[in-house]
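S.K.:
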Amino acid sequence: MSKNIIDMHNIHKSFYIGQENELEILHGLDLVVKEGEFIAIVGVSGSGKSTLMNLIGALDRATDGTYSLDGVSINDAEDQELSFLRNKLVGFVFQNFNLIPRMDALHNVEVPLVYSGLSRKERKARAKEMLDIVDMSDRMDHQPNELSGGQKQRVAIARAMANDPSIILADEPTGALDSQTGRLVMDLFHKLHKEHNKTIILITHDKDLASETERILTMKDGIFISEEVK
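If you're matching positions, the sequence shown starts at 1344 in the working numbering and goes up one per residue.
1. Whose C-beta lies closer than 8 Å to the C-beta of R1445 among residues of the same chain, with five residues either side of it excluded?
2. Looking only at its own chain, which residues have a Cβ that is under 8 Å from the Cβ of K1495, when we skip the five neighbours before and after it?
3. Classify D1481 as buried or exposed, calling it buried when 16 or more other Cβ atoms lie within 10 Å of its own Cβ.
4. So, with DSSP's three-state summary, where would you put G1371?
5. From D1484 to G1518, what does the alpha carbon distance come to, in whole angstroms?
6. Which ranges would you report for the alpha helix (DSSP H) in the region 1391-1436 if only whole runs of at least 4 residues count?
7. Give every residue of the same chain whose Cβ lies closer than 6 Å to the Cβ of R1466, excluding the five residues on either side of it in the sequence, and list them in chain order.
8. In terms of alpha-carbon separation, which member of D1350, N1347, L1527 lies closest to S1491?
9. Identify the continuous alpha helix (DSSP H) that holds R1469 and give its terminal residues.
10. Buried or exposed: where does L1366 fall if 16 or more other Cβ atoms within 10 Å of its Cβ makes it buried?
11. Residues in the same chain with beta-carbon distance under 6 Å from I1354, minus the five sequence neighbours each way, listed in chain order, please.
12. Going by CA-CA distance only, name the one from I1546, R1558, V1387 that's closest to N1397.
13. May I ask you to list the residues that DSSP assigns as paired with R1558?
14. Would you mind sorting S1569 into buried or exposed? The rule is 16 or more other CB atoms within 10 Å of its CB.
15. Would V1376 be called buried (16 or more neighbouring beta carbons within 10 Å of its own) or exposed?
16. Give the C-beta separation of L1432 and D1413 to the nearest angstrom, bearing in mind that I take them to be a contact with Cβ-Cβ under 8 Å.
17. Taking the straight line between their C-alpha atoms, what separation do you get for V1572 and H1450?
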């Protein structure tokens, strides 16, 4: 029986707290994700997807509610512990890749490993291994401006995998790609899910992409309005 890796209850998130323009974005969400699931969170712009993603990835904290990430209470975690958990448990993939321009692909993938305690030789070997998984070994010496959009995203996925996280959190990962390249990226997520048993959370507005996952949660105005299980 797989365990709950994400356990969120009655999650509220507000901004500008105590000010006249105080704004609540999330209105009491519940989200439970089991280890090894591949789910999609779908919604139009402004539905609260990105705010929720930041909470799931421990980039931000909820205003109210409880969140347990792999059994650890995020509510009670100090900032340093939160940073450690995030680096260890969550790999992020963004729409705009977020690669460091003056670093080649290999060094970009090494970045999350800097605080891992591995030697430089071990970090390099791990980064090469990840680039091999995403079929980018032959481009490891190339800088981002020498790579296509799809190649940049594959490097970004390799970087997300560097610390062997339990969860891959992908925010509109095909949004900046043409449909053919987007297909290759989605195939790669399926590979990571099936062959590497990664829990994958896909944040998207694209219902076709969402339909490839095991469970679709649809957001509107800061709440879930439907759930579809395959």
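Yeah, the Cβ is synthetic: ideal placement off N, Cα and C, and Gly gets one too.
M.R.: The structure says:
1. Q1486
2. F1440, L1442, P1487
3. exposed
4. Reduced to three states, the DSSP call for G1371 is strand.
5. 26 Å
6. 1392-1399, 1422-1432
7. E1453, L1456
8. L1527
9. 1463-1476
10. Only exposed fits L1366, as fewer than 16 other CB atoms lie within 10 angstroms of its CB.
11. L1369, L1372, A1405, G1408
12. I1546
13. I1382, V1572
14. exposed
15. buried
16. 6 Å
17. 39 Å
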